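Respectively, the protein sequence lines represent chains S and A. Adding 23 to a residue's 1-based position in the first sequence gives its number in the numbering used here. Adding 11 to a residue's 1-based position in the second sequence gives its number in the numbering used here. A quick write-up on the structure given underneath.
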Amino acid sequence: MKKRTACFLLLVLIIGAFSAFAATIQQSVPKEKDKSVQAPAQQLPGKDKAVQVQAQPEKIFAAPQNIKERTAIYVFIAWLWAAIIVLIYILRLEIKEADRLLDLKFYRDEKK
Amino acid sequence: MNAKNIGRSLTGWFEDRLGLSALMNFLRKKTVPLNKHTIWSYTGSAILLFFGIQVVTGIMLAFYYRPTLEQANKSIARIMTDVPLGWIIRSVHFWSASAMIVTVFVHLFSSWMIKSYRKPRELTWMTGVLLLVASLVFGFTGYLLPWDDLSLSATKVGTDIPRSIPIVGEWVTKFLRGGDDVTGDTLTRFFSFHICILPLFLLLLLAIHIYLIQKQGMSVPLSVEAGKEKLGELPFWPNFVYREIIVWLVLFGALITVAVFLPPSLGKAADLMAPAPKGIKPEWYFLFLFQTLKLFPGKILFINGDTIAVFLIVAALVLFFFLPFLDNKPDKMKGRAITWLAWAAIVYAVGMSIWSLLT
């Protein structure tokens, strides 16, 4: 029982830390990336006023572009898998207990 | 009044009004057959998990997506660049779609091999085939929504295929496109299909499918039915459910990891006047059909090759749908031949898909 309580508290701690971290993850594709994917503005000939036309980027790639965002993503994934591993451990304990009760024919006695 | 008493009185309040204890009693009595094929039983709930993720991420994307000619591509670009974590939500939606279709195929083929469609489970199989078709149509309609060059061209090719069907072909193509060509009307039509009509259709089929499984129980392998093997049983609640949750957690973690490290890109907005880009290909789950169509020549005995190909594909789907009635003697030679046919179909689909990717 103490083991399960400890696991549960650890899980709450992991989820809490994970949520706090997730809230600080910045949006990807920083402003400097926009410049690299956009073609330079064009000036159309034969016009009184210069018309700046922003050419559409060929492709938009979604991914963290700087080291800070990339690190945040790796840490996010690490926390996620840590939470999953802890949950799987707790579930395995529950499965062991449920299978033990099944072997004891505990539920069949209840149905009777 | 301590927490336990509050819990008991709350449970009692809901029980008086909803009568959920009947459901809990049913779940406690429900068992899962324990044999070498039990592992395939996890695929059904995995499909539900991915479908749930699709619904949640789809709703989140729909908050920002605009299904118009001018705004579709820009709204996706905005989701990917401006909306906080928008690129992850889109990536999860993208990868979950593929994961769901893979799991549907695995679920269907495993049912084919184990012959779960034996009496009285014929309707379960038939609703399952319709669910597969619905999942593929989901993928097809969703593919157009980013409205980039690739999706426009793929939709033009895909909606052109029914044109080869005599008499009704033109009408079907016009119905799918909302006109003669793929335009903004096609986009709004596909969006309506994707978020409204298909989800309702799929939920209805799912309800029937799950009801039939609960009513008839899960099927047992032929060897158990023939008395050659002894049947082991595992209670659905809580033994099997706990095991299922482990599978869900691993699948969820894998999905998020793949979505974060391999997010899909977005091409530039489609130009209706531009020619199709070179090497246009549909999504992976249509590749084997695409390659099959390419095998047929222009004319076969004065009949259009595409028409023959479409008829053959539709005929195969109809036979697939009525498989429980064709395989009415699963333990005889006919049944074994149909099992080998399943393996042949898998090899064919995988082989044709790889060939299509390489050419």
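Heads up, the beta-carbon is just placed ideally off N, CA and C, and yes, glycines get one too. Keep in mind that this is a model prediction, so the values were computed, not measured.
Take every Cβ of the region 243-255 of chain A, pair it with every Cβ of the region 34-50 of chain A, and state whether three or more of those distances are shorter than 8 Å. Yes: at least three Cβ pairs fall under 8 Å.
Find the residues of chain A that neighbour S/Leu32, judging by a C-beta separation of less than 7 Å, and give them in chain order. The premise fails here: S/Leu32 is roughly 18 Å from chain A at the closest Cβ pair, so nothing lies under 7 Å.
Stretch pair the region 331-338 of chain A + the region 110-129 of chain A: three plus CB contacts closer than 8 Å: Judged by Cβ distances under 8 Å, the region 331-338 of chain A makes contact with the region 110-129 of chain A, as three or more pairs qualify.
Closest by CA to A/Leu155, which one among A/Val271, A/Ala57, A/Ala281? If we check each option's Cα against that of A/Leu155, A/Ala281 comes out closest.
Which residue wins for smallest C-alpha separation from A/Trp136, given the options A/Leu147, A/Val148, A/Val115, A/Thr152? With distances taken between Cα atoms, A/Trp136 lies closest to A/Val115.
Chain S residues whose Cβ lies nearer than 8 Å to that of A/Leu215: Within chain S, no C-beta atom comes nearer than 8 Å to that of A/Leu215; the closest sits roughly 33 Å away.
Answer with buried or exposed for A/Trp24, where buried requires no fewer than 16 other C-beta atoms within 10 angstroms of its C-beta. Using a 10 angstroms sphere on the CB of A/Trp24, the tally of other CB atoms stays under 16, which defines it as exposed.
Helix, strand or coil for A/Leu273? Go by DSSP, reduced to three states. If DSSP states are grouped into helix, strand and coil, A/Leu273 belongs with coil.
CB of S/Glu92 to nearest heavy atom of the ligand PLP: below 8 Å? For the structure depicted, the ligand PLP is absent and the ligand set is empty, with no information on it obtainable.
Return yes when the Cβ of A/Ala145 is within less than 9 Å of the Cβ of A/Phe61, no when it is not. A/Phe61 is not a Cβ neighbour of A/Ala145, given a cutoff of 9 Å.
Could you give the first and the last residue of the continuous beta strand (DSSP E) run that contains A/Glu81? Careful: A/Glu81 lies outside any beta strand (DSSP E) and carries neither H nor E.
Below 8 Å, how does it come out for the region 177-184 of chain A and the region 81-99 of chain A: are there three or more Cβ pairs, yes or no? Touching, no.
Is there a Cβ from chain A that is less than 9 Å from the Cβ of S/Ile90? With 9 Å as the cut-off, S/Ile90 does not count as an interface residue toward chain A.
With H, G and I counted as helix, E and B as strand and the rest as coil, what does DSSP make of A/Leu245? Strand at A/Leu245.
Alpha carbon to alpha carbon, how far is A/Ser164 from A/Pro286? Give it in angstroms, no decimals. Taking C-alpha positions only, A/Pro286 is separated from A/Ser164 by approximately 8 Å.
I want to see whether chain S comes within less than 9 Å of A/Trp98, judged by CB atoms only; does it? Taking Cβ atoms only, chain S reaches closer than 9 Å to A/Trp98, which makes this a yes.
Return the first residue and the last residue of the beta strand (DSSP E) that A/Pro44 is part of. Taken as a continuous stretch (DSSP letters only), the beta strand (DSSP E) holding A/Pro44 covers 42-45.
My understanding is that S/Leu103 touches A/Ile256, with C-beta atoms under 8 Å, so please give their C-beta distance in whole angstroms. Under the criterion of beta carbons closer than 8 Å, S/Leu103 and A/Ile256 do not qualify as touching, at roughly 16 Å.
Going by DSSP, which residues form a beta bridge with S/Lys128? In DSSP, S/Lys128 forms no bridge with anything.
What separation, rounded to the nearest whole angstrom, lies between the Cα atoms of A/Asn16 and S/Ile118? Straight-line Cα distance between these residues: approximately 28 Å.
Report the three-state DSSP secondary structure of A/Asn16 (helix, strand or coil). If DSSP states are grouped into helix, strand and coil, A/Asn16 belongs with the helices.
List, in chain order, every chain A residue whose beta-carbon is nearer than 8 Å to that of S/Leu127. Correct list: empty, because the minimum Cβ distance to chain A is about 13 Å.
State whether the region 101-110 of chain A contacts the region 258-272 of chain A, with contact taken as three or more CB pairs (one from each stretch) at a distance under 8 Å. Using a Cβ-Cβ distance cut-off of 8 Å, the region 101-110 of chain A and the region 258-272 of chain A are in contact, since at least three pairs of beta carbons, one from each stretch, lie closer than that value.
In this structure, does DSSP put A/Ile257 in helix, strand or coil? It is helical.
Counting only beta-carbon atoms, is A/Met137 nearer than 9 Å to chain S? Residue contact with chain S for A/Met137: absent (no Cβ-Cβ distance below 9 Å to any residue of chain S).
Through-space distance from A/Asp342 to A/Leu233, alpha-carbon basis: Rounded to the nearest whole angstrom, the C-alpha separation of A/Leu233 and A/Asp342 is 7 Å.
Can you list, in chain order, the residues of its chain with a C-beta nearer than 7 Å to that of A/Gln65? Leave out the 5 residues immediately preceding and following it. Counting only Cβ-Cβ distances below 7 Å, and skipping sequence neighbours, we find His104, Ser107, Ala108, Met111.
May I ask you to list, following chain order, the residues of the region 290-302 of chain A that have a beta carbon less than 8 Å from some beta carbon of chain C? Protein chains S and A are contained in the structure displayed, whereas chain C is not.
Nearest chain S C-beta to A/Thr318 closer than 9 Å, yes or no? Under the Cβ distance rule, A/Thr318 does not count among the residues neighbouring chain S, no pair being separated by less than 9 Å.
Here's a check: name, in chain order, each residue in its chain whose Cβ is nearer than 7 Å to the Cβ of A/Ile357, leaving out the five neighbours to either side. Excluding residues within five positions, the ones whose Cβ falls inside 7 Å are Phe120.
Have a look at S/Ala101, S/Lys82, S/Ile111 and flag the residue whose alpha-carbon is nearest the alpha-carbon of A/Trp259. Looking from the CA of A/Trp259, the closest CA among S/Ala101, S/Lys82, S/Ile111 belongs to S/Ile111.
For A/Ala280, three-class secondary structure by DSSP: DSSP places A/Ala280 in strand when its eight states are reduced to three.
What three-state label does DSSP hand S/Asn89 in the structure shown? Coil, per DSSP.
For A/Asn46, which residues of its own chain have a beta-carbon under 6 Å away from its beta-carbon, when the five flanking residues on both sides are left out? Excluding its 5 nearest sequence neighbours in each direction, A/Asn46 has C-beta neighbours in its own chain below 6 Å: Pro232, listed in chain order.
If I measure Cβ to Cβ from A/Ile206 and keep anything under 8 Å in the same chain, skipping five residues before and after, which residues do I get? Excluding the 5 residues flanking it on each side, A/Ile206 has same chain C-beta neighbours closer than 8 Å at Gly69, Ala73, in chain order.
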